[in-house]
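Asks:
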Amino acid sequence: MDRVEVCIRDGKLIGIVEKGIYGGHYIAFRGIPYAKPPIGELRFKDPVPPEPWSGSRDASKYGNVAVQINDIKNKIIGDEDCLYLNVFTTDIMSLEKRPVMVWIHGGKFSIGSGDSSFHGPDYIVEKDVVLVTLNYRLGVLGFLNLYNKVATGNQGLKDVILALQWVQKNISEFGGDSGNVTIFGESAGGVIVHYLTLFSLSEGLFHKAISQSGTVTCPWALTEPESYSTNRGLLLAKKLGKVTEDPKDVYEFLKTIDAKKLIETEKFLVTKKERRQYFLIFTPTLDHESSNPVFPEDLATLIHRSVKVPYLLGFTSCEGSIFLNDYELINKEALSDIDCDFKLAIYPTVLATLPKIPITLYQLRSLYFGDKNISEETLANYINLISDIFIMRGIMQTVDIQINNDNSGKTYLYQFSYESESSLMKKILNIDFPGACHCEELCYLFYPDIIKELGLSVPAPDSEDYKMINRLTQMWTDFAKTGNPTPVITDLTPIKRTPVKRAEDVYDYLDIDVEPRMKTFRKGEQRWDWKKREK
Numbered sequence: 001m002d003r004v005e006v007c008i009r010d011g012k013l014i015g016i017v018e019k020g021i022y023g024g025h026y027i028a029f030r031g032i033p034y035a036k037p038p039i040g041e042l043r044f045k046d047p048v049p050p051e052p053w054s055g056s057r058d059a060s061k062y063g064n065v066a067v068q069i070n071d072i073k074n075k076i077i078g079d080e081d082c083l084y085l086n087v088f089t090t091d092i093m094s095l096e097k098r099p100v101m102v103w104i105h106g107g108k109f110s111i112g113s114g115d116s117s118f119h120g121p122d123y124i125v126e127k128d129v130v131l132v133t134l135n136y137r138l139g140v141l142g143f144l145n146l147y148n149k150v151a152t153g154n155q156g157l158k159d160v161i162l163a164l165q166w167v168q169k170n171i172s173e174f175g176g177d178s179g180n181v182t183i184f185g186e187s188a189g190g191v192i193v194h195y196l197t198l199f200s201l202s203e204g205l206f207h208k209a210i211s212q213s214g215t216v217t218c219p220w221a222l223t224e225p226e227s228y229s230t231n232r233g234l235l236l237a238k239k240l241g242k243v244t245e246d247p248k249d250v251y252e253f254l255k256t257i258d259a260k261k262l263i264e265t266e267k268f269l270v271t272k273k274e275r276r277q278y279f280l281i282f283t284p285t286l287d288h289e290s291s292n293p294v295f296p297e298d299l300a301t302l303i304h305r306s307v308k309v310p311y312l313l314g315f316t317s318c319e320g321s322i323f324l325n326d327y328e329l330i331n332k333e334a335l336s337d338i339d340c341d342f343k344l345a346i347y348p349t350v351l352a353t354l355p356k357i358p359i360t361l362y363q364l365r366s367l368y369f370g371d372k373n374i375s376e377e378t379l380a381n382y383i384n385l386i387s388d389i390f391i392m393r394g395i396m397q398t399v400d401i402q403i404n405n406d407n408s409g410k411t412y413l414y415q416f417s418y419e420s421e422s423s424l425m426k427k428i429l430n431i432d433f434p435g436a437c438h439c440e441e442l443c444y445l446f447y448p449d450i451i452k453e454l455g456l457s458v459p460a461p462d463s464e465d466y467k468m469i470n471r472l473t474q475m476w477t478d479f480a481k482t483g484n485p486t487p488v489i490t491d492l493t494p495i496k497r498t499p500v501k502r503a504e505d506v507y508d509y510l511d512i513d514v515e516p517r518m519k520t521f522r523k524g525e526q527r528w529d530w531k532k533r534e535k
């Protein structure tokens, strides 16, 4: 078994040469600590750089994932000591430094990891880039905000910033170019990417950004400041037996509770009604009480700064079908409840903004369902509604901010529309519904190790799925290299892609399908525009 040695600032790493799933080889350095374990007095605190080590550190195996509930196995996994990253490359000795791509996983800020269960490096690493994947703290351990200096929130966001600082200091030892770093992520990871482009704390740590199916303007991307009666940290303490409104007492109490017990208990903080609204429990928050805040100002001011680096963002053609996998949201009883009380279908922060939109709740329901009931017969309508609420409107709002700001970097919009009868993600998630679901593109960017557990296989080299793997990884890595996802016309990218432009009535976007092509969304004519429509 071939071993490869690299010396970084903290010590010596021994990586391993691996065979790619489609042949070829790459070098893997796994389980590299980029911070001290966030345990004991460091629980709920900002991450701290790691201690150097003496001798050689084995970097052949992944580090612990963050504590979380594994949805597939329905059990608690992971460890509080989870701040590790992984580096993959085909050549550390290359004379010319390679572009670096740093992947930030999604998962509702409560699940996921940077390991190969879903994010194996085999596809991307063959495109002459250095790939970095990472873990960050999740759930209450990553996002507890007591609105007091003892716990100011956004620990998970600061984990990612520290990992990016690690990349700047060390990636050249792996053949990576610290002057050409692209951050990319999907869903909650896409939101984190967007946040990082706006924060002054992360300025200069990367040079391009990709947000897939998630931006800061999505309604679930931030929890507004809470009253004591609704603060999730206080509610969690109460659920565990500590009734107090003193944040210091809550902090000291929660420090004593086993990490897995914390994560296991937090899921009980939402009501049945909130689960119907796909309520997220611990998310990014305003952290003005911090001595080192990521939010120096309010969210609206921050968002309208716009993204200054080249920015690629988009969504899949049927984001909402992912909810078919959620029994709490999609079943006869749930749909009947929503039919009786339409507000149950709408995320609370969206509901709060409706008075500012020229449409009433009744008109909104009519726009999606006409005169029909909300039921299994109108499931497609319901999926359209939640696609728009959770993803589409937020992303298009971000696009609007980009094109209306003179200081924005070039912004490219895409829709991933490719459908496959053998879709790995739909099989993993047990979804049988037309259109590309939320996170469906991930199986064309990464090799998901989990397919072996499910008895599935990777696409054959002569298949359309394999061609999509080649196409998508080419576009994403071309963007990382040049700031343009289609810098040259080839068989894989047969069309020259243009950024969105300031225009009164259109958005140009790339439709990624069997035959990719540039298309146009017309303002005021799209389903998610929510314009008032007379019956």
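One point on numbering: in my numbering, the residue at position 335 of the sequence shown is 335, and numbering is uninterrupted.
Note that beta-carbon positions come from the ideal geometry of N, C-alpha and C, so glycine has one too.
(1) Using DSSP with H/G/I as helix, E/B as strand and the rest coil, what is W166?
(2) From C340 to A352, what distance separates their C-alpha atoms?
(3) If distances are taken between C-alpha atoms only, which option among Y509, K426, T482 and F416 comes closest to M468?
(4) Secondary structure at P99, three-state DSSP: helix, strand or coil?
(5) Please identify the residue among T230, E266 and K248 whose C-alpha is closest to the C-alpha of L236.
(6) How many angstroms separate the CA atom of P494 from the CA atom of P348?
(7) Provide the residue(s) that pair with N89 in DSSP beta bridges, ordered along the chain.
(8) Identify every residue that forms a DSSP beta bridge with S56.
(9) Roughly how many angstroms separate the alpha carbons of P225 and G175, rounded to a whole number?
(10) Unbroken alpha helix (DSSP H) runs of length 4 or more, entirely within the stretch 445–475: which are they?
(11) Buried or exposed for R522, please, with buried defined as at least 16 other CB atoms from any protein chain shown within 10 angstroms of its CB.
(12) Assuming C318 and C218 make a contact with CB atoms under 8 Å, what is their CB distance in whole Å?
(13) Between the stretch 81–100 and the stretch 157–172, can you find at least three pairs of beta-carbon atoms closer than 8 Å?
(14) For E421, count neighbouring C-beta atoms within 10 Å of its own C-beta (all shown protein chains included) and say buried if the count is 16 or more, exposed if not.
(15) Between Q11 and Y34, what straight-line distance do the alpha-carbon atoms span, to the nearest angstrom?
(16) Under the rule that 16 or more other beta-carbon atoms within 10 Å means buried, what is R527, buried or exposed?
(17) Do you know whose CA, among K73, E377, M93 and D511, lies nearest V6's CA?
(18) Going by DSSP, what residues sit across from V208 in a beta bridge?
(19) Looking only at its own chain, which residues have a Cβ that is under 6 Å from the Cβ of D115, when we skip the five neighbours before and after it?
(20) Does the stretch 386–393 come close enough to the stretch 316–334 to have 3 or more Cβ pairs within less than 8 Å?
(21) Would you say the stretch 148–165 touches the stretch 16–35, given that touching needs at least three Cβ pairs under 8 Å?
(22) May I ask which residues mark the beginning and end of the beta strand (DSSP E) holding V506?
(23) Which value, in whole angstroms, describes the spacing of the CA atoms of S113 and N64?
(24) In three-state DSSP terms, what is R3?
(25) According to DSSP, Y311 sits in a beta bridge with which residue or residues?
(26) Within 10 Å of its beta-carbon, does R471 have 16 or more other beta-carbons around it, so buried, or fewer, so exposed?
(27) With a threshold of 7 Å on Cβ separation, who are the neighbours of G409 within its own chain once the five nearest residues in sequence on each side are excluded?
(28) Going by the CB atoms, is the gap between I21 and P447 shorter than 8 Å?
(29) With distance defined between alpha-carbon atoms, name the residue in G394, T256, A209 and N384 nearest to G435.
(30) Could you check whether the stretch 97–107 touches the stretch 474–488, counting it as contact only if at least three pairs of C-beta atoms, one from each stretch, sit closer than 8 Å?
(31) Give a yes or no on whether the C-beta atoms belonging to I111 and G185 are separated by under 8 Å.
(32) Compute the distance between the beta-carbons of Y509 and Y418, then report whether it is under 8 Å.
Replies: Let me lay it out:
(1) Numbered from its first residue, the sequence shown carries residue 166 at position 166. Shown here, W166 sits in a helix according to DSSP, grouped into three states.
(2) By one-based count along the sequence shown, residue 340 stands at place 340. By one-based count along the sequence shown, residue 352 stands at place 352. The straight-line gap from Cα to Cα measures roughly 20 Å.
(3) As a first step, residue 468 must be located in the sequence shown, where it is residue number 468. It is F416 whose Cα lies nearest to the Cα of M468.
(4) Position 99 of the sequence shown holds residue 99. Looking at P99 - three-state DSSP - the assignment turns out to be strand.
(5) Counting from one through the sequence shown, the residue named residue 236 turns up at place 236. Relative to L236, the option among T230, E266 and K248 whose CA is nearest is E266.
(6) Working through the sequence shown from its first residue, we reach residue 494 at position 494. Working through the sequence shown from its first residue, we reach residue 348 at position 348. Each residue's Cα considered, the two are about 43 Å apart.
(7) Taking the sequence shown and counting its residues from 1, the one referred to as residue 89 is at position 89. Checking the sequence, you will find Thr at residue 89 rather than Asn. DSSP lists I27 as the bridge partner or partners of T89.
(8) Within the sequence shown, numbered from 1, the residue matching residue 56 stands at position 56. Within the DSSP bridge table, the entry for S56 names K12 as partners.
(9) Here the question's residue 225 lines up with position 225 in the sequence shown. Here the question's residue 175 lines up with position 175 in the sequence shown. When rounded, the distance between both Cα atoms is 43 Å.
(10) Restricting attention to alpha helix (DSSP H) runs no shorter than 4 residues, the stretch 445–475 encloses them at 450–453, ordered along the chain.
(11) For this step, residue 522 is matched to residue 522 along the sequence shown. Under this definition R522 is an exposed residue.
(12) Position 318 of the sequence shown holds residue 318. Position 218 of the sequence shown holds residue 218. With a beta-carbon spacing of about 17 Å, C318 and C218 fall beyond the 8 Å limit used to define contacts.
(13) With three or more CB-CB distances shorter than 8 Å, the stretch 157–172 counts as touching the stretch 81–100.
(14) Working through the sequence shown from its first residue, we reach residue 421 at position 421. By the neighbour-count definition (other C-beta atoms within 10 Å, threshold 16), E421 is an exposed residue.
(15) To locate residue 11, count along the sequence shown from 1; it is residue 11. To locate residue 34, count along the sequence shown from 1; it is residue 34. Reading off the sequence, residue 11 comes out as Gly, not Gln. Going by the C-alpha atoms only, they are around 12 Å apart.
(16) Your numbering for residue 527 matches position 527 in the sequence shown. Its Cβ having fewer than 16 others within 10 Å, R527 is exposed.
(17) On the sequence shown, position 6 is the one that residue 6 refers to. The candidate whose alpha carbon is nearest that of V6 is M93.
(18) Residue numbering aside, residue 208 sits at position 208 when the sequence shown is read from its first letter. According to the sequence displayed, residue 208 carries Lys and not Val. Paired residue(s): T182.
(19) If you number the sequence shown from 1, residue 115 lands on position 115. Here the set comprises Y62.
(20) Counting Cβ pairs under 8 Å, three or more are found: they touch.
(21) Yes, the stretch 148–165 touches the stretch 16–35.
(22) Within the sequence shown, numbered from 1, the residue matching residue 506 stands at position 506. Start and end: V506 to I512.
(23) The residue labelled residue 113 in the question sits at position 113 within the sequence shown. The residue labelled residue 64 in the question sits at position 64 within the sequence shown. Their backbone Cα atoms lie some 9 Å apart in a straight line.
(24) Locating residue 3 in the sequence shown gives position 3, counting from the first residue. Reduced to three states, the DSSP call for R3 is strand.
(25) Here residue 311 corresponds to residue number 311 of the sequence shown, with the count starting at 1. In the DSSP assignment, Y311 forms a beta bridge with A209 and T411.
(26) Indexing the sequence shown from 1 puts residue 471 at position 471. Its Cβ being crowded by 16 or more others within 10 Å, R471 is buried.
(27) Indexing the sequence shown from 1 puts residue 409 at position 409. The beta carbon of G409 sits closer than 7 Å to those of V307, K308, V309, P310 and Y311, all from its chain and outside the five residues before and after it, given in chain order.
(28) By 1-based counting over the sequence shown, the position of residue 447 is 447. By 1-based counting over the sequence shown, the position of residue 21 is 21. Looking at the sequence shown, residue 447 is not Pro but Tyr. A contact, by the Cβ cut-off of 8 Å.
(29) On the sequence shown, residue 435 is found 435 positions in, with the first residue counted as 1. Ranking the options by Cα distance to G435, first place goes to N384.
(30) Touching, yes, given that three or more Cβ pairs across the two stretches are closer than 8 Å.
(31) Residue numbering aside, residue 111 sits at position 111 when the sequence shown is read from its first letter. Residue numbering aside, residue 185 sits at position 185 when the sequence shown is read from its first letter. Not in contact: I111 and G185 (Cβ atoms no closer than 8 Å).
(32) As a working mapping, residue 509 is identified with position 509 in the sequence shown. As a working mapping, residue 418 is identified with position 418 in the sequence shown. No; because the gap between Cβ atoms is not below 8 Å, this pair is not in contact.
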